[in-house]
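In our numbering, the protein residues as written are 7 to 120.
A virtual CB, placed ideally from N, CA and C, is assigned to each residue, including glycine.
This report refers to the structure that appears directly beneath it.
Below you can see the structure in the form of structure tokens.
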């Protein structure tokens with residue numbers, strides 16, 4: 007299993023950013039995919055998830071601002087982040103199968119300046 011990201015970086019509050027994560031080594035089309043984030047001194051939290059049937063769930067803190075999507079042909083999962091806030095500053099991780107799966111992409115820091 008490999009999860010490789012094309013990542014974001016530094017943005018100002020109110021701006022948008024899109025994270026992407028390309029997957030290989032498993033049957034992507036039947037996999038549940040997730041985005042987690044971890045801010046300094048805090049526990050890693052689930053931000054958004056998308057099932058094989060494209061059912062989605064979001065953390066309350068990002069509902070209405072973030073959108074998770076998937077392209078099965080490209081074996082890629084995306085996280086579109088709009089109206090970013092300073093409190094969204096975190097290391098973001100792509101994940102296959104949930105917190106206990108052990109399958110994580112490399113984390114990337116997203117910094118939102120005020």
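Nearest candidate by alpha-carbon position, reference residue i, set the options
i, options, result
"residue 58", "91, 27, 33 and 96", "33"
"residue 63", "38, 78 and 95", "38"
"residue 24", "120, 36 and 114", "114"
"residue 97", "46, 73 and 88", "46"
"residue 89", "15, 14, 19 and 7", "19"
"residue 81", "53, 50, 92 and 102", "102"
"residue 120", "94, 109 and 107", "94"
Where residue i sits in the DSSP three-state scheme
i, result
"residue 21", "coil"
"residue 7", "coil"
"residue 118", "strand"
"residue 94", "helix"
"residue 35", "helix"
"residue 5", "Here the chain comprises residues numbered 7 to 120, so residue 5 is not present and cannot be evaluated."
"residue 112", "coil"
Cβ-based neighbour list, residue i, same chain, cut-off 7 Å, excluding 5 preceding and 5 following
i, result
"residue 48", "none"
Min CB distance residue i to chain B below 7 Å
i, result
"residue 101", "In the displayed structure, chain B is absent; only one protein chain is listed."
Buried/exposed call for residue i, threshold 16 Cβ in 10 Å
i, result
"residue 105", "exposed"
"residue 182", "As displayed, the chain neither begins before 7 nor continues past 120, which places residue 182 out of reach and without an answer."
Spatial neighbours of residue i in its chain, beta-carbon cut-off 6 Å, leaving aside the 5 residues before and after
i, result
"residue 75", "84"
"residue 10", "28"
"residue 31", "7 and 8"
Same chain, Cβ closer than 8 Å to residue i, five either side skipped, listed in chain order
i, result
"residue 22", "86, 87, 88, 89 and 90"
"residue 78", "34 and 35"
Contact check, residue i vs residue j, beta carbons under 7 Å
i, j, result
"residue 92", "residue 118", "yes"
"residue 108", "residue 99", "no"
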